[in-house]
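Report on the structure given below.
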Amino acid sequence: MITCWVLAGVFGAVVLLYGLIEIHYFLRMFLTVFLARFCKKKVHILDETTVFGICTTTDVDTLLYHMNNARYLRELDFARADFYERTNLYREICSQGKGVVQGAATIRYRRFVKPLSIYKITSKIIYWDEKSVFMEHRFITPGDGFVRAIAICRQRLLDCSAEAVIGSLMERGVKQNGSVEAGVTQIPHVRPQIPPEVARWLESNEISSALLRQSPSESTRC
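To convert, note that position 73 of the sequence shown is 73 in the numbering used here; the numbers rise steadily by one, no gaps.
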C-alpha cells in the first residue's frame with residue numbers, strides 16, 4: 001500500500017513538474033551545450049556551424065502534416081547555443097559585458113518540414129554593428145539540400161561592444177581542431193558589407209519603432 005502511494009506521489013510530482021516547467025526543453029538545452037562544449041570541435045567566429053533535428057509528433061501543427069511555424073524559432077535556441085559554445089562567443093560577451101538578448105527576428109518559410117523528417121540548421125554571423133550581431137539560420141533537408149526556411153536574428157549585446165567582442169575572437173584565432181592560439185588571425189578584422197536584406201529589414205524595424213513611439217499608448221506612458 002505504501003509503495004502504491006509513493007508511486008502515485010512520484011507520478012503526480014512528475015506531472016505537476018511538466019505542467020509548470022517544460023522539462024524536455026531544458027534537458028535538450030543542457031545536452032546541446034554539453035555536446036558543444038565537450039564533444040564538438042571549436043570553430044572560428046566567422047565559420048558556419050550545423051545542428052541536426054527531427055520533426056517529431058510534438059512539433060506538428062493542428063493540420064498534422066508539417067512542423068508548426070513557431071517550432072522553427074524555438075529550434076533556433078538550440079542552434080544558437082551550439083554556435084555560442086563552439087565559437088566561444090557567449091563566453092567572450094560575458095567577459096566584456098552582461099550578456100546577450102535577442103532583439104529581433106525574421107523568418108521566411110519556403111517549404112514544409114514533414115513529420116519524422118530530418119533537417120539541419122546552419123548558423124553563421126553575416127554582419128555586426130557596434131551593439132548587435134546578426135546571424136543567419138537555414139533549415140535544410142539533407143536528402144534534397146533544399147532550404148525549407150531561412151531566418152535572420154539580431155542579437156543585442158548588453159554593456160559591451162559587438163565590434164570589440166568579434167575583434168577579440170578573430171584575433172584569438174579559434175581553430176577547427178579545438179585549440180586556441182593567441183595572436184593567430186585567420187581572417188582580417190574587417191566588418192563585412194551589410195547584406196541588402198539586413199539593411200532593408202533594419203529600415204522596417206526603424207519605421208515600426210517610430211510608429212510605436214507615436215502611438216497614444218506610448219506617448220502617455222510615464
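We put the beta carbon where it would ideally sit given N, CA and C, even for glycine.
Predicted model only: the values in this text are computed from it and were never measured.
- Contact holds between the segment 88 to 104 and the segment 154 to 171, because three or more Cβ pairs, one in each stretch, are under 8 Å apart.
- Per DSSP, the unbroken beta strand (DSSP E) holding Glu-136 starts and ends at 132 to 141.
- In this structure, Thr-56 lies near Pro-115, with their beta-carbon atoms less than 9 Å apart.
- In the DSSP secondary-structure assignment, Leu-157 is bridged to Val-100.
- Between the segment 2 to 13 and the segment 76 to 93, the count of Cβ pairs shorter than 8 Å is below three; the stretches do not touch.
- Residue range 49 to 54 is occupied by the beta strand (DSSP E) that includes Val-51.
- DSSP places Ser-215 outside both helix and strand once states are collapsed to three, so it counts as coil.
- Exposed is the label assigned to Ile-54, since fewer than 16 other Cβ atoms lie within 10 Å of its Cβ.
- The beta carbon of Ile-150 is closer than 8 Å to those of Ile-107, Arg-108, Arg-110, Glu-136, His-137, Arg-138 and Phe-139 in its chain, skipping five residues each way along the sequence.
- Excluding residues up to 5 positions away in sequence, Ile-23 lie with their Cβ nearer than 7 Å to the Cβ of Leu-17 in the same chain.
- Beta-bridge annotation (DSSP): Arg-111 is not paired with any residue.
- Distance between Pro-142 and Arg-148, taken at the CA atoms: about 11 Å.
- Of the candidates Leu-212, Arg-213 and Gln-155, the residue whose Cα lies closest to the Cα of Val-101 is Gln-155.
- Its Cα nearest to that of Val-113, the residue Asp-144 stands out among Lys-131, Asp-144 and Phe-134.
- Around the beta carbon of Asn-88, a 10 Å sphere encloses 16 or more other beta carbons of the protein chains shown; the residue is thus reported as buried.
- Partner residues in the beta bridge of Tyr-127, as assigned by DSSP, are Phe-134.
- Between the alpha carbons of Ser-132 and Gln-193 lies a distance of about 15 Å.
- When rounded, the separation of the alpha-carbon atoms in Arg-28 and Pro-216 is 42 Å.
- In the DSSP annotation of this structure, the continuous segment of the alpha helix (DSSP H) that includes Ile-23 starts and ends at 23 to 38.
- Pairing Arg-71 with Met-1, the inter-Cα distance amounts to about 43 Å.
- Ile-125 and Val-198 do not touch by the CB rule: their CB atoms are close to 11 Å apart, not below 8 Å.
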